[in-house]
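*Asks:*
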Amino acid sequence: MSRQTLVSKQWLLARMNEPDIVIVDCRFDLGQPEAGREDYISSHIPGAVYLDLNTVLSAPVEVHGGRHPLPDLGVLAERLGRAGISNGSRVVAYDDQGGMYASRLWWMLRWLGHDAIHVMEVGFTAWKDAGYPVTNAQRVIVPTAFVPEVRADMLAHMEEVRDKLGRPDVLLVDSRDPARYRGETEPIDTKAGHIPGAINQFWKDNVDERGAWKPEAQRRKQLATIVEALEAGREVIVYCGSGVSACPNVLALHELGYPQVRLYAGSWSDWSSYEENPIVTGNE
Numbered sequence: 004m005s006r007q008t009l010v011s012k013q014w015l016l017a018r019m020n021e022p023d024i025v026i027v028d029c030r031f032d033l034g035q036p037e038a039g040r041e042d043y044i045s046s047h048i049p050g051a052v053y054l055d056l057n058t059v060l061s062a063p064v065e066v067h068g069g070r071h072p073l074p075d076l077g078v079l080a081e082r083l084g085r086a087g088i089s090n091g092s093r094v095v096a097y098d099d100q101g102g103m104y105a106s107r108l109w110w111m112l113r114w115l116g117h118d119a120i121h122v123m124e125v126g127f128t129a130w131k132d133a134g135y136p137v138t139n140a141q142r143v144i145v146p147t148a149f150v151p152e153v154r155a156d157m158l159a160h161m162e163e164v165r166d167k168l169g170r171p172d173v174l175l176v177d178s179r180d181p182a183r184y185r186g187e188t189e190p191i192d193t194k195a196g197h198i199p200g201a202i203n204q205f206w207k208d209n210v211d212e213r214g215a216w217k218p219e220a221q222r223r224k225q226l227a228t229i230v231e232a233l234e235a236g237r238e239v240i241v242y243c244g245s246g247v248s249a250c251p252n253v254l255a256l257h258e259l260g261y262p263q264v265r266l267y268a269g270s271w272s273d274w275s276s277y278e279e280n281p282i283v284t285g286n287e
């Protein structure tokens with residue numbers, strides 16, 4: 004199967020009415036959790052269903068596990084089936100936040116063994132501004148069954164990350180903005196800093212000022228340090244604040260031909276919830 008994940012709005016326009024296509028609106032706002040659903044109700048790509056980051060693509064928050072824990076597998080499979088997603092579906096995800104939330108769905112479906120998942124390389128606003136069709140009509144969803152075939156090796160857990168600290172054959176990548184990585188500011192989590200040894204690769208560097216994905220050549224250049232590590236046979240584990248904004252980096256590396264990159268889904272919000280875990284600030 005082709006590793007092509009990112010697709011153009013023209014690609015989607017040409018296929019949006021094909022029977023196996025399921026379009027998923029992933030718009031979300033961490034500061035206003037209801038805003039994404041409200042935006043969807045107001046206007047969306049025809050036929051799209053809405054999957055909410057907090058209530059569908061995450062489990063309830065506990066002491067550990069981070070701010071957006073992965074749901075129970077059975078629960079998640081049921082939710083996907085209720086959204087009309089089966090093992091035979093071709094899923095196309097979009098958002099309006101630079102692909103961050105659409106990439107989370109991409110990662111989750113691949114983790115569940117489903118490769119037929121694409122991310123639109125521009126956001127909803129670009130689709131709408133191009134004069135492409137939008138609607139406020141709700142899709143009539145026919146529930147189906149989704150049977151996961153979990154790829155456990157895609158996911159890294161806290162204990163594993165802790166055990167691998169300092170190993171020369173492992174590279175940790177922090178996807179948060181540089182100020183949060185350095186510990187100069189922390190607007191969300193209780194502690195500031197990063198996991199010892201991690202390098203910083205801000206996820207937004209994958210997209211331009213409009214939130215559209217940059218050309219592959221630019222992304223390869225920006226990800227050169229990580230690509231070099233992968234070519235040398237090092238294991239790469241990517242994290243962020245809560246396992247969401249790391250996903251664009253995982254996707255970008257997958258598009259460059261490195262599907263083995265792993266996600267620490269609990270990320271900084273999980274790591275920093277353990278008093279015994281070391282934390283560093285500044286640049287590595």
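Using this note's numbering, the letters of the sequence shown correspond one by one to residues 4 to 287.
Using N, Cα and C, we set each Cβ at its ideal position, and we do this for glycine too.
Looking at the unbroken beta strand (DSSP E) that takes in Leu-266, where does it start and where does it end?
*Replies:* Indexing the sequence shown from 1 puts residue 266 at position 263. Where Leu-266 is concerned, the enclosing beta strand (DSSP E) stretches over 265 to 267.
*Asks:* Can you tell me which of the three DSSP states Leu-73 falls into?
*Replies:* The sequence position of residue 73 within the sequence shown is 70, counting from 1. Three-state DSSP puts Leu-73 in coil, outside helix and strand.
*Asks:* Can you determine whether any heavy atom of the ligand HEM sits closer than 6 Å to the C-beta of Arg-179, and answer yes or no?
*Replies:* The ligand HEM is not part of this structure, which contains no ligands at all.
*Asks:* Return the chain-ordered ranges of every alpha helix (DSSP H) run that is complete within the region 8 to 36 and spans a minimum of 4 residues.
*Replies:* Listed in chain order, the complete alpha helix (DSSP H) runs (minimum 4 residues) inside the region 8 to 36 are 12 to 18.
*Asks:* Distance, Cα to Cα, Leu-112 vs Asn-20?
*Replies:* Residue numbering aside, residue 112 sits at position 109 when the sequence shown is read from its first letter. Residue numbering aside, residue 20 sits at position 17 when the sequence shown is read from its first letter. Looking at the two C-alpha atoms, the distance is approximately 21 Å.
*Asks:* Among Glu-152, His-67, Tyr-97, Leu-15, which has the Cα closest to the Cα of Val-27?
*Replies:* The count along the sequence shown starts at 1 and reaches residue 27 at position 24. Of the listed residues, the one whose Cα sits closest to Val-27 is Tyr-97.
*Asks:* Take Trp-110 and list the residues in its own chain whose beta-carbon comes closer than 8 Å to its own, dropping the five residues that flank it on each side.
*Replies:* For the purposes of this step, residue 110 is taken as residue 107 along the sequence shown, with counting starting at 1. Closer than 8 Å at Cβ, skipping near neighbours: Met-157, Cys-250, Val-253, Leu-254, Leu-266.
*Asks:* Quick one: what's got a C-beta closer than 8 Å to Pro-146's C-beta in the same chain, skipping five residues either side?
*Replies:* Locating residue 146 in the sequence shown gives position 143, counting from the first residue. Contacts found: Gly-84, Arg-85, Gly-87.
*Asks:* Using only CA atoms, which one of Gly-102, His-117, Gly-214 lies nearest to Ser-92?
*Replies:* The sequence position of residue 92 within the sequence shown is 89, counting from 1. Of the candidates Gly-102, His-117, Gly-214, the one whose C-alpha sits nearest the C-alpha of Ser-92 is His-117.
*Asks:* Considering Cα atoms alone, identify which of Glu-258, Gln-221, Pro-199, Glu-278 is closest to Gly-285.
*Replies:* Stepping through the sequence shown from its first residue, residue 285 is reached at position 282. Minimum Cα distance to Gly-285 is reached at Pro-199.
*Asks:* With DSSP as the reference, please indicate the residues paired to His-47 in a beta bridge.
*Replies:* The sequence position of residue 47 within the sequence shown is 44, counting from 1. Note: His-47 sits in a beta bridge opposite Thr-138.
*Asks:* Provide the residue span of the beta strand (DSSP E) that contains Tyr-3, from first to last.
*Replies:* A query on residue 3 cannot be resolved here, the shown segment of the chain reaching from 4 to 287 and no further.
*Asks:* Where do the ends of the alpha helix (DSSP H) carrying Ile-229 lie?
*Replies:* Counting from one through the sequence shown, the residue named residue 229 turns up at place 226. Residues 227 to 234.
*Asks:* Can you list the alpha helix (DSSP H) stretches of 4 or more residues lying completely in the region 161 to 225, in chain order?
*Replies:* Those alpha helix (DSSP H) runs which fall completely within the region 161 to 225 and span 4+ residues are 161 to 166, 181 to 185, 219 to 225.
*Asks:* Would you decide whether Pro-72 is buried or exposed? Buried here means 16 or more other CB atoms lie within 10 Å of its CB.
*Replies:* Reading the sequence shown from its first residue, position 69 is the one you call residue 72. Burial call: buried.
*Asks:* May I ask you to list the residues that DSSP assigns as paired with Leu-158?
*Replies:* Within the sequence shown, the letter at position 155 stands for residue 158. DSSP lists Leu-266 as partners of Leu-158.
*Asks:* Taking C-beta to C-beta, are Asp-192 and Ser-248 nearer than 7 Å?
*Replies:* Numbered from its first residue, the sequence shown carries residue 192 at position 189. Numbered from its first residue, the sequence shown carries residue 248 at position 245. No, they are not a contact pair.
*Asks:* Round the Cβ separation of Tyr-104 and Leu-56 to the nearest angstrom and send it over; I've been treating them as touching at under 8 Å.
*Replies:* Locating residue 104 in the sequence shown gives position 101, where the first residue counts as 1. Locating residue 56 in the sequence shown gives position 53, where the first residue counts as 1. Confirmed, about 6 Å.
*Asks:* Please go through the same chain and pick out, in chain order, the residues whose beta-carbon is closer than 7 Å to the beta-carbon of Glu-189, but skip the five residues on each side of it.
*Replies:* The sequence position of residue 189 within the sequence shown is 186, counting from 1. Closer than 7 Å at Cβ, skipping near neighbours: Arg-183, Ala-195.
*Asks:* What are the start and end residues of the alpha helix (DSSP H) that includes Ala-258?
*Replies:* Numbered from its first residue, the sequence shown carries residue 258 at position 255. Per the sequence shown, the amino acid found at residue 258 is Glu instead of Ala. Per DSSP, Glu-258 belongs to the alpha helix (DSSP H) from 250 to 258.
*Asks:* On a Cα-Cα basis, can you pick out the residue from Arg-82, Ala-80, Val-125 that is closest to Gly-102?
*Replies:* Within the sequence shown, numbered from 1, the residue matching residue 102 stands at position 99. Out of Arg-82, Ala-80, Val-125, Val-125 has the C-alpha closest to the C-alpha of Gly-102.
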